[in-house]
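Colleague: The structure's right below; bear with me while I get my questions together.
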Amino acid sequence: MKISIEYIDSKEIEVLIRGGATNPEVLQIVNALHALNAKTTNENQIIGTHNEATYILDLDTILFFESEGEIVSAVTSENRYRVKQRLYEINELVGETKFIQISKWCIANIKKIEKVELGINATMTVFFKDTNYRQVLTRSYMKHFKTKVLGG
């Protein structure tokens, strides 16, 4: 086994493992990393993968969580990370102090919302700060959103 370490100036830790998918050593290392992540991750972080690398993401950097079929992603201004939790589990994890559910498929970071625009057919679109990302605020979540985010 060959071990290489590269020190970089970043808050996120990236671990890259090269080897056969059925290699028992690879599986053992992956399991050990998952166990370590479970111990080191606190309530302000979540684990995500991007391009086969695993990242520890601060919740403050996440614009929104989005579900597309079976895949749940944490979206930042720079990347989209796949997370292992279901959307309802993320909703329980993040609570309602920093995030709010805006549709059946999306949970948004309240501090990352730039504006909300009224569209046709009484739909609303949520725009996120410093990005081109936008999400639809569905009617069933509109009343709670107006109360919590817009103050009325």
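The working numbering numbers the first residue of the sequence shown as 20 and each following residue consecutively.
A virtual CB, placed ideally from N, CA and C, is assigned to each residue, including glycine.
Fair warning: this is a prediction, and the values are worked out from it, not measured in the lab.
Taking residue 110 as the reference, which of 33, 145, 65 has the closest Cα?
Modeller: Minimum Cα distance to residue 110 is reached at 65.
Colleague: In three-state terms, what does DSSP make of residue 51?
Modeller: Helix.
Colleague: In whole angstroms, what separates the C-alpha of residue 163 from that of residue 157?
Modeller: Spanning the two alpha carbons is a distance of roughly 11 Å.
Colleague: Do residue 76 and residue 100 come within 8 Å of each other at the CB atom, strictly closer than that value?
Modeller: Yes, the Cβ-Cβ distance between residue 100 and residue 76 is below 8 Å.
Colleague: Just to check my reading of the structure: residue 73 and residue 52 have Cβ atoms closer than 8 Å, yes? What is that Cβ distance to the nearest angstrom?
Modeller: Between residue 52 and residue 73 the Cβ distance is about 7 Å, and since that is below 8 Å, they are a contact.
Colleague: Would you list the residues sitting across from residue 128 in a DSSP beta bridge?
Modeller: The partner list for residue 128 (beta bridge, DSSP) reads 118.
Colleague: Here's the rule I'm using: 16 or more other beta-carbon atoms within 10 Å means buried, otherwise exposed. How should residue 145 be labelled?
Modeller: Counting Cβ neighbours within 10 Å, residue 145 comes out buried, since at least 16 surround it.
Colleague: Identify the continuous beta strand (DSSP E) that holds residue 96 and give its terminal residues.
Modeller: First-last for residue 96: undefined, no H or E at that position.
Colleague: Among 26, 97, 44, which residue has its Cα nearest to the Cα of residue 151?
Modeller: It is 97.
Colleague: Grab the span of the beta strand (DSSP E) containing residue 80 for me, first residue to last.
Modeller: Residue 80 -> no beta strand (DSSP E), and no H or E assigned at all.
Colleague: Would you decide whether residue 22 is buried or exposed? Buried here means 16 or more other CB atoms lie within 10 Å of its CB.
Modeller: Answer is exposed; the Cβ neighbour count stays below 16.
Colleague: Go through its chain and collect everything with a Cβ distance to residue 86's Cβ below 7 Å, but skip five positions before and after it.
Modeller: These residues qualify, in order along the chain: 106, 124.
Colleague: With 16 as the cutoff for other CB atoms within 10 Å, does residue 128 come out buried or exposed?
Modeller: So residue 128 counts as buried.
Colleague: Can you tell me where the alpha helix (DSSP H) with residue 166 in it begins and where it stops?
Modeller: Looking at the DSSP string, the run of the alpha helix (DSSP H) that includes residue 166 is 158–167.
Colleague: Helix, strand or coil: how does DSSP classify residue 40 here?
Modeller: Note: residue 40 maps to coil in three-state DSSP.
Colleague: Going straight from the alpha carbon of residue 31 to that of residue 137, what length do you get?
Modeller: Approximately 37 Å, taken between the alpha carbons.
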